[in-house]
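Structure first, then comments.
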Amino acid sequence: MTARADVLARLRAARAGTPVAVPRAYDRRGEVVDRVSVLAERVRDYQAGVQRTGPAGLPEILGRLLPEGRTVIMPAGVPEQWVTGCQARLRWDSDANPLSVAELAADGVSVLTGCTVAVALTGTLILDGGPDQGRRLLTLLPDHHVCVVRAEQIVGGLPAALARLPDPTRPLTLISGPSATSDIELDRVDGVHGPRRLDVVIVDDDHG
Amino acid sequence: MTGTGRISAAVPFPTAARRQLADPQLRANLRRATRTIRNRRSQAVDEVTDWEALRATGAAIKDDVLSRLPELLEEFETRATAAGAHVHWARDAAEACAVVTGLVRATGTDEVVKVKSMATQEIGLNEALAEAGISAVETDLAELIVQLADDTPSHILVPAIHYNRRQIRDILTAGMPAVDASRLTDEPAALAEAARRHLRERFLSARVAVSGANFAVADTGSLVVVESEGNGRMCLTLPDTLISVVGVEKIVPTFADLEVFLQLLPRSATGERMNPYTSIWTGVHPGDGPRNVHIVLLDNGRSDTLADEVGRQALRCIRCSACLNVCPVYEQVGGHAYGSTYPGPIGAILSPLMTGPDSGANRTLPYASTLCGACYDACPVRIDIPQVLVHLRQVGVDARRDRPSLERVALRAASNLIRDRRRYAMALRAARRGAAPLRLLAGSRGTARRLPWPLSAWTTSRDAPLPARQTFREWWAVRAADESAQVAGNPVAGDATHEPEEPR
Ligand code: SF4
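Chains as they are written, first to last, in my numbering: chain X, 1 to 208; chain C, 209 to 712.
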């Protein structure tokens, strides 16, 4: 008997065959009055930087976050208009011309991406490898991640966020604050292997 | 299938516990750490208004999974395979280790990087790989500390919880040759930085990674890893080959079910609204991450656990470790006393369920509890740990019915005594006389700390109350006689001349 057949047969013999009804009394809609402010507050709680702006102010803010002297890596789908105010060195990563691991892991590198959906109540950004997010390594090796969130991408709670994903079988990364560890006396220390700095810029049409 | 590997206590719990209790530093570290995390968890949980509804759903989803596990595993296998993953099956620890070792060998490498995983701890994978000449580098900071100290984890989530920052500094400087010992302080940030540097090279050169998974999604074939540091993301995306060892009970039916568990787990585990990083992947993603993706589905005692009608709820466990952090026994003795990969309240039921409840020293684990119920209240999937503990004690006693037992002889004698009123009264008087010298020793405490054999079996882990100076019946008889005297004469309200002794 193969291990597969054996394990399945044992599980079949052992289980209780009675069907189980699953109650769903928890809050699946996660309505939040001011999603933008809640997201900003909760992301700040993780010691990440948060800025709010209207669309017109975005290039200037990114210019300040990504100053001269740094290298900015971007997936191919990041709009060029975002970086019109940037003095930093700009590098694009694409399927045709992927950057090397050494380039991504070098000192002084920041990565600039969008996200696919953001969760206000938990301060979480979800990336699914869409055109303005790129492959997973891009947001992992550089020490600084700047993520642009459009207000209409923000939902209240996690159930609404997962339901919004266009395709859950894409590679997904849920990011809640910068890399951290609590392994030493349960003290949360920012920054072990992932980006030690996270800046979130929320772009809101209603923002002056 | 009976479980094997590192889930069997080598010595009985009381022996191991006594050893741990002798280490005051350990207890101070544990007290501090568990208190911190308990407070954080209760804050994070109190903030969620629908927490109880989430717990109920989490428990029900897992019960549903357990009632149709074979079908869901087959569905998972079909989806994952369609997405480019290779699915393997293993009956026990040795078989799982053999599968992984074979896969690593086939790549021609002799070093793998590892994401912290309970399943690979359980099967003793690092040791099996070492025997095959393959070194496994733990990349989670706490796992790395434990590995460099040549120690074993003592907590599900924070394996190095038994060390304080000064001890960790010493372990890192001794174990990482590149670190300048004179420069490294014991600031957590400095220690984390040293680990980051030490591991960078390993990540960038590794060709094979080994992980576990927190969840396996049947309807998409996806695996989920929940972490904080980013070492998991490194392992899941940098190497060319990824091998994930996953217990069969990790299945959830649908992707949407993650909306429940990704709320329950981080708040119960680290007391955060959300952990820094969660990775979800489905087979091979061209141009992004490993090109060879293997999944090893592991039984190792889980089918036996499923067959136990009371005990099967232990398979709901999502390894958050909340039950450890609230347990008064764990806080005193730490994780090593349980002798298994799974310590604390969940370990006290899971280890014996997986190995068979009468297997060696694991049969002492169900007694490693006061049955206070704090673990049940904290558990995000409502595992009634006290109920399973009592059930396993019962199973353990039943298994030994035919063997002589001092306890049984004593209880039989006691039942003989208390069945007859006169015999009982005589025995109490005799006990009082016998205890008189002890009472002198005990002073005002009224309890004996240490009794001679065979009663020492009781007093090794608790104080024994001494017999009261006056029995209830004696007190009642005196009181009744007094009252009739008072009724005859002048009744005095609230007469307190015959207050009973404090109950002992
Ligand atoms: S038994 Fe419950 S509380 Fe304990 S680790 Fe498992 S899920 Fe967490």
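For glycine and all other residues, C-beta sits at the position ideal for the given N, C-alpha and C.
Remember, it's a predicted structure, so these values are computed and weren't measured experimentally.
Practice problem: With a floor of 4 residues, list each alpha helix (DSSP H) that falls wholly inside the stretch 564-649 of chain C, ordered by position along the chain. | Solution: 582-586, 593-607 and 614-626
Quiz item: Opposite residue 147/X in the DSSP bridges: which residues?
Solution: 113/X and 200/X
Quiz item: From residue 325/C to residue 419/C, what distance separates their C-alpha atoms?
Solution: 6 Å
Quiz prompt | Cutoff 9 Å: residue 561/C Cβ touching any chain A Cβ | solution = Looking at the structure shown, chain A is missing, and the protein chains on hand are X and C.
Quiz item: Are the C-beta of residue 63/X and some C-beta of chain C separated by less than 9 Å?
Solution: no
Exercise. Go ahead and pull the three-state DSSP assignment for residue 485/C.
Key: strand
Quiz item: What number of angstroms, rounded off, separates the C-alpha of residue 284/C from the C-alpha of residue 164/X?
Solution: 22 Å
Quiz item: Would the beta-carbon of residue 567/C be found less than 8 Å away from any heavy atom of the ligand SF4?
Solution: no
Exercise. On a CA-only basis, which of 610/C, 282/C and 504/C is nearest residue 426/C? Give me that one, please.
Key: 282/C
Quiz item: So is the beta-carbon of residue 532/C under 8 Å away from any non-hydrogen atom of the ligand SF4?
Solution: yes
Exercise. Indicate whether at least one CB of chain C lies closer than 9 Å to the CB of residue 116/X.
Key: no
Quiz prompt | Burial state of residue 30/X, where buried means 16 or more other Cβ atoms lie within 10 Å | solution = buried
Self-check item: Buried or exposed (CB count within 10 angstroms, at least 16 for buried), residue 339/C
Solution: exposed
Practice problem: Leaving out five residues on either side along the sequence, give the residues of the same chain with a beta carbon under 6 Å from the beta carbon of residue 145/X. | Solution: The residues are 111, 139, 195 and 198.
Quiz prompt | Cutoff 9 Å: residue 193/X Cβ touching any chain C Cβ | solution = yes
Quiz item: Quick one: Cα of residue 599/C to Cα of residue 453/C, how far?
Solution: 30 Å
Quiz item: Taking 9 Å as the CB-CB cut-off, is residue 228/C touching chain X?
Solution: Output row for residue 228/C: interface = no.
Quiz item: Would a check of beta-carbon distances place residue 110/X closer than 9 Å to chain C?
Solution: Residue 110/X is outside the set of residues whose beta carbon lies under 9 Å from a beta carbon in chain C.
Quiz item: Is the CB of residue 546/C under 9 Å away from at least one CB in chain X?
Solution: no
Exercise. Check each residue of the stretch 157-172 of chain X: if its Cβ is closer than 9 Å to any Cβ of chain C, include it; give the result in chain order.
Key: Under the 9 Å Cβ criterion, the stretch 157-172 of chain X contributes 157, 158, 159, 160, 161, 162, 163, 165, 168, 169, 170, 171 and 172.
Quiz item: Should residue 522/C be counted as a contact of the ligand SF4 given a C-beta to heavy atom distance under 8 Å?
Solution: yes
Exercise. Go ahead and pull the three-state DSSP assignment for residue 214/C.
Key: coil
Quiz item: Who are the Cβ neighbours of residue 541/C in its own chain at under 7 Å, not counting the five residues just before and after it?
Solution: 225, 228 and 229
Quiz item: Should residue 348/C be labelled buried (16 or more other beta-carbon atoms within 10 Å of its own) or exposed?
Solution: buried
Quiz item: What distance in whole Å lies between the Cβ atoms of residue 530/C and residue 476/C, which are believed to be in contact at a cut-off of 8 Å?
Solution: 4 Å
Quiz item: By how many angstroms is the C-alpha of residue 585/C removed from the C-alpha of residue 707/C?
Solution: Residue placement at residue 707/C is flagged as unreliable, the pLDDT there being 47, under the threshold of 50; the coordinate-derived value follows with that caveat. Roughly 39 Å between the two C-alpha positions.
Self-check item: Host alpha helix (DSSP H) of residue 326/C (start-end)
Solution: For residue 326/C, the enclosing alpha helix (DSSP H) begins and ends at 326-330.
Quiz item: What's the C-alpha gap between residue 490/C and residue 536/C?
Solution: Linking residue 490/C to residue 536/C through their CA atoms gives a straight-line distance of about 41 Å.
Exercise. Using a Cβ-Cβ cut-off of 9 Å, state whether residue 396/C counts as contacting chain X.
Key: yes
Quiz item: Just to confirm, does residue 402/C get its C-beta within under 8 Å of one of the non-hydrogen atoms of the ligand SF4?
Solution: no
Quiz prompt | Every unbroken alpha helix (DSSP H) inside the stretch 404-487 of chain C [4 residues or more] | solution = 439-445 and 466-477
Quiz item: Near residue 7/X, what residues of its chain come up, given a Cβ to Cβ distance below 7 Å and the 5 sequence neighbours on each side ignored?
Solution: Nothing meets the Cβ criterion.
Quiz item: When DSSP labels each residue in this structure, what does residue 562/C get in the three-state scheme?
Solution: helix
Quiz item: On the three-pair Cβ rule with 8 Å, is the stretch 296-305 of chain C touching the stretch 395-415 of chain C?
Solution: no
Quiz prompt | Secondary structure, beta strand (DSSP E): runs of 3+ residues fully inside the stretch 374-408 of chain C | solution = none
Self-check item: For residue 297/C, the first and last residue of its enclosing beta strand (DSSP E)
Solution: In the DSSP assignment, residue 297/C falls within the unbroken beta strand (DSSP E) covering 293-298.
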